[in-house]
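Residue numbers (the working numbering), protein chains in the order written: chain A, 363 to 825; chain B, 363 to 825.
2 protein chains.
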Amino acid sequence: MTYAAVTSEVVARLGTLVGEENLSTAQAVLDLHAHDQSFHAPHRGEVVVWPQTGEQVAEVLRLANSLLIPVTPWGVGTSLEGNPIPLHGGILLSLERMKRIIEVHADDFQVTVEPGIGHKDLNAHLARFGLFFAPDPGANASIGGMLANNAAGIRTVRYGASKDNVLQMRVALADGRLIRVGSRSVKQSAGYDLLHLFVGSEGTLGVITEATLKLHAVTEYMGAALAAFQTVADAVQAVVAIRGSGLDPAALEFIDAAHAAMLREAEGVNLTDHPTLFMEFHAAHTDALAMNLAMVQEICADLDAVHFHATTDAAERRKLWHARHASYEISVRQFPGKKLYLGDVSVPISAYPELIGYIEQVREECAVPLYLIGHAGDGNIHVEMPYETDAEYARCADINARIVRKAQDLNGTATGEHGVGLGKAKYMRYEHGEALDVMQAIKQTLDPNNILNPGKIFPHDIG
Amino acid sequence: MTYAAVTSEVVARLGTLVGEENLSTAQAVLDLHAHDQSFHAPHRGEVVVWPQTGEQVAEVLRLANSLLIPVTPWGVGTSLEGNPIPLHGGILLSLERMKRIIEVHADDFQVTVEPGIGHKDLNAHLARFGLFFAPDPGANASIGGMLANNAAGIRTVRYGASKDNVLQMRVALADGRLIRVGSRSVKQSAGYDLLHLFVGSEGTLGVITEATLKLHAVTEYMGAALAAFQTVADAVQAVVAIRGSGLDPAALEFIDAAHAAMLREAEGVNLTDHPTLFMEFHAAHTDALAMNLAMVQEICADLDAVHFHATTDAAERRKLWHARHASYEISVRQFPGKKLYLGDVSVPISAYPELIGYIEQVREECAVPLYLIGHAGDGNIHVEMPYETDAEYARCADINARIVRKAQDLNGTATGEHGVGLGKAKYMRYEHGEALDVMQAIKQTLDPNNILNPGKIFPHDIG
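See the structure below:
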């Protein structure tokens, strides 16, 4: 595919569509939108546009499609696999100025929003209704970006990923059509599920211009627990036991001894040098919460926990979770001048012990700095590997490839929540087999000129 | 599209693929597979084949595709919208002989099955593991049929529909490819969500040959409650209040006064002639269950319930639920010589009072026998209208069309759980707008010869 350049005439036409004040070709602006929070090399688009409405998004796509100019949608740039990097230049389509809350449907536990709003900003607004949007990837990611990547985070174990928390979307297609997919009815069996086809498609099939999200009632009774174990194997066995107990934790997170030490030193959290589980429980009554915490303590004691601490104190809980929430940024800060190679594999929970055991073995063999932090309740683990030189990068990539293959062989996936982006495309054939051809055929049907976020997801499409 | 006939040569080739003992052209067999449980007119296929493996399914499709012979997949025939009626003849592809439980992954709360197994048979097997598959449409529907129609039923309000309870499937495509979609990892953000594209596609995009399902732990503490109200408006307000209370009922069902009387007379259930709610609650502790039932009683009392009864006695609960479970069959038996026109609209819960009010108004205007029964917790309502003559049928169809339009205008859907099948295709354009063209484009991409269950879902495709 040969793309056309964004000429001054194209810029003028875009200005007519979105308004002169809503586009920029300034180098500083292009640079700001040339990279996400991942280790992937930046690449600049040729123009940044900030449409104000779904109709404007559709018109920009229609124009780009007619001229064969690539379009890369942009939420707020917090993704972790290079998903919104405009690899082929062209138009960087930012949704940052479409951040209205269109309507709170409080009786339906739903809210309709524009894609540019951050999930933290949304939840701040929803608090007055006693409601919240559950998926929480840590950073203040935009709702549109979360849906496009099917982001998940720490509460997925109880509330599901982004795909489980959306009911309806408006989507602009490559050819400028603006369609509505899904339904505000929580039940719908009316033809193909296009909603979930667009969720997680990373902007390669269409651009989300509006979304109606499922909400949950804010829980009044919340407790947190922290358990440290002698060995990783014990900690991981506790994860399996807690998942099997019916306790339904709202979060069930794992960090290894090295990561625990890092968080303690950086944030003063009371952690020992042991593999550690962070847990959160939500309950309808205070008694039920106390019973849950007691049951968890028992499970952890049975698995020889060396340390267990539970709290229902809100301030203490928040401090504990702050360390977990900010762990990625803390990790980055620990290695000034270095980048962080980040993995994201996920497996069925029964395979988690074997996966973690394998990663530990690789770490030992390769003698590299490698930190483990993961959404253990979902079988999802992130390896973090600081690197500086090209040789170190190559070693990280090689280690990650081995871990990905192991996860895939354990009936798992190369990516639990960060999406394919730039880094995972090469693993898709092994993961999907001929189903990858079906994905490609759908891409070809909906975006025959391959203008939408080209270079992502499909291995042969890497530019 | 002109299809080819199933000649004796074709029958012979099919026999080679699946074995002579696994096909039939006997009229009695064709008749048995010519209709589902709906009011739709029967139509015979030309041959019934019972493949034994996914590979055989794929080979049958490959052959049919090369010869332009339509193929209609068949679960067990309990669907309610004509979904598996072989409208264009051809091959009736029954999955009834593929009913193995391939593996119970107890630690993962998962099971892998062939599509022909009934969900009740599956749950009988799973009981020994303390696990169950939650979606329950009433009849002993096959898992494959439930997934193909995205069936739901009484427990959807808590556990979701079929689409929410499946992780991975093998699917045979029209051209004979056999692909795997989804992942046994509960988290996956690795490309397009083909899993949910095939779920609910009613056999028009592919044939499900294997599925890995999500399971839940069998609940030890279960309670039921029954509440009768003076008016439909009060009952429906109670539904909205219970949904908003955070009580998380496992079932929340509504029947109108006429239907309550019918169930009482047919089954001896202790029901009065009032709009009535059936509810079920699952809890982790007996105290929590008692607290839930007390809270529900309070909500119902606030809305002037004329009768309230709660029980934690298992036998009593089962008797109560038997009447609700068998209500469709009971309704059919009440009108010997008549058929039952059945609706299936669904709306956001806040719109439920207006929808029900509208239906009552239509009933009054038209002076027709019309019974209301629905999964109120999901905003889903079924109207049942007995009819005999063509004129009565036309009147039912007209009334249903008005109700569908009303539901769609209330941000709802023509079908909450029965699927589009034969009867709802004409409503799809209004419901989906241009998104219907996207569905059609995907159909064209995956089944260019339109051999898979032709005549379903798409309005212009009705033969």
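Note that the Cβ used here is the ideal one computed from N, Cα and C, for glycine as well.
Euclidean distance between Cα positions of residue i and residue j
i, j, result
"B:G507", "B:T369", "28 Å"
"B:V473", "B:T364", "41 Å"
"B:L639", "B:G492", "29 Å"
"B:I824", "A:S708", "Its pLDDT being 49, under 50, B:I824 is placed unreliably in this model, and the coordinates cannot settle the point."
"A:Y720", "A:K768", "8 Å"
"B:V745", "B:A620", "12 Å"
"B:H397", "B:N742", "25 Å"
"B:A496", "B:A622", "26 Å"
"B:P715", "A:L455", "42 Å"
"A:K681", "A:H644", "17 Å"
"B:Q414", "B:V380", "7 Å"
"A:A468", "A:A374", "43 Å"
"A:P432", "A:A534", "15 Å"
"B:N815", "B:I463", "26 Å"
"B:L772", "B:L717", "8 Å"
"B:L376", "B:A688", "38 Å"
"B:M624", "B:N632", "11 Å"
"A:R686", "A:G585", "15 Å"
"B:A420", "B:G452", "16 Å"
"B:Q723", "B:P731", "13 Å"
"A:Q806", "A:H405", "25 Å"
"A:D483", "A:D664", "41 Å"
"A:D635", "A:A628", "14 Å"
"B:V668", "A:A523", "42 Å"
Element boundaries [alpha helix (DSSP H), containing residue i]
i, result
"B:K768", "752–771"
"B:H621", "619–629"
"A:P637", "Element bounds for A:P637: n/a, residue is neither H nor E."
"A:V372", "370–380"
"B:A586", "Taken as a continuous stretch (DSSP letters only), B:A586 belongs to no alpha helix (DSSP H), being part of the beta strand (DSSP E) at 583–591."
"B:V658", "648–664"
"A:E691", "689–696"
"A:L442", "Segment: none, A:L442 is in no alpha helix (DSSP H) and carries neither H nor E."
"A:R791", "790–794"
Neighbour list for residue i in chain A, Cβ cutoff strictly below 9 Å
i, result
"B:N502", "Chain A residues near B:N502: none, gap ~19 Å exceeds 9 Å."
"B:M801", "G553, Y554, L556"
"B:N812", "Here the premise fails: no neighbours, minimum Cβ distance about 15 Å."
Bridge-paired residues (DSSP) for residue i
i, result
"B:R532", "B:R542, B:E572"
"A:Q472", "A:H467, A:K576"
"B:Y733", "B:E746"
"B:I453", "B:V409, B:V433"
"A:L614", "A:M641"
Chain A residues whose Cβ lies nearer than 8 Å to that of residue i
i, result
"B:L394", "Going along chain A, no residue has its Cβ under 8 Å from B:L394, so there is no contact; the nearest lies around 25 Å."
"B:K786", "A552"
"B:E779", "K549, S551"
"B:N815", "Under the 8 Å cutoff, chain A gives no residues; its nearest Cβ is about 13 Å from B:N815."
Range covered by the beta strand (DSSP E) that runs through residue i
i, result
"A:K701", "701–704"
"A:P715", "Run containing A:P715: none in the beta strand (DSSP E); it sits in the alpha helix (DSSP H), 714–728."
"A:H671", "667–673"
"B:T434", "433–436"
Beta-carbon neighbours of residue i, restricted to chain B and to distances below 8 Å
i, result
"A:A759", "Result: empty, since nearest Cβ-Cβ is about 18 Å, beyond 8 Å."
"A:V631", "Correct list: empty, because the minimum Cβ distance to chain B is about 26 Å."
"A:G451", "Chain B residues near A:G451: none, gap ~24 Å exceeds 8 Å."
Closer than 7 Å at the beta carbon, the chain B residues around residue i
i, result
"A:E793", "A552"
"A:I819", "G553"
Listed by chain order, chain B residues near residue i by CB distance under 9 Å
i, result
"A:E796", "L535, R539, L540, I541, R542"
"A:D398", "Near A:D398 there are no residues of chain B at all, since even the closest Cβ is about 15 Å away, more than 9 Å."
Proximal chain A residues relative to residue i, where beta-carbon distance stays under 7 Å
i, result
"B:N512", "S551"
Residue-level contact to chain D via CB, residue i, 9 Å cutoff
i, result
"A:Y749", "This model lacks chain D altogether; the protein chains it does include are A and B."
*Quick one: any contact between the segment 727–742 of chain B and the segment 602–618 of chain B, if contact means 3 or more CB pairs under 8 Å?*
yes
*asked:* Could you check whether the segment 400–418 of chain A touches the segment 447–466 of chain A, counting it as contact only if at least three pairs of C-beta atoms, one from each stretch, sit closer than 8 Å?
replied: Contact annotation: the segment 400–418 of chain A touches the segment 447–466 of chain A, with at least three C-beta pairs closer than 8 Å.
*Determine, using beta-carbon pairs with one atom in the segment 511–521 of chain A and one in the segment 777–792 of chain A, whether at least three such pairs fall under 8 Å.*
yes
*Does the segment 539–557 of chain B come close enough to the segment 789–798 of chain B that 3 or more CB-CB pairs lie under 8 Å?*
No contact exists between the segment 789–798 of chain B and the segment 539–557 of chain B.
*Counting Cβ pairs, one atom from each stretch, are 3 or more of them under 8 Å apart for the segment 551–566 of chain A and the segment 597–612 of chain A?*
no
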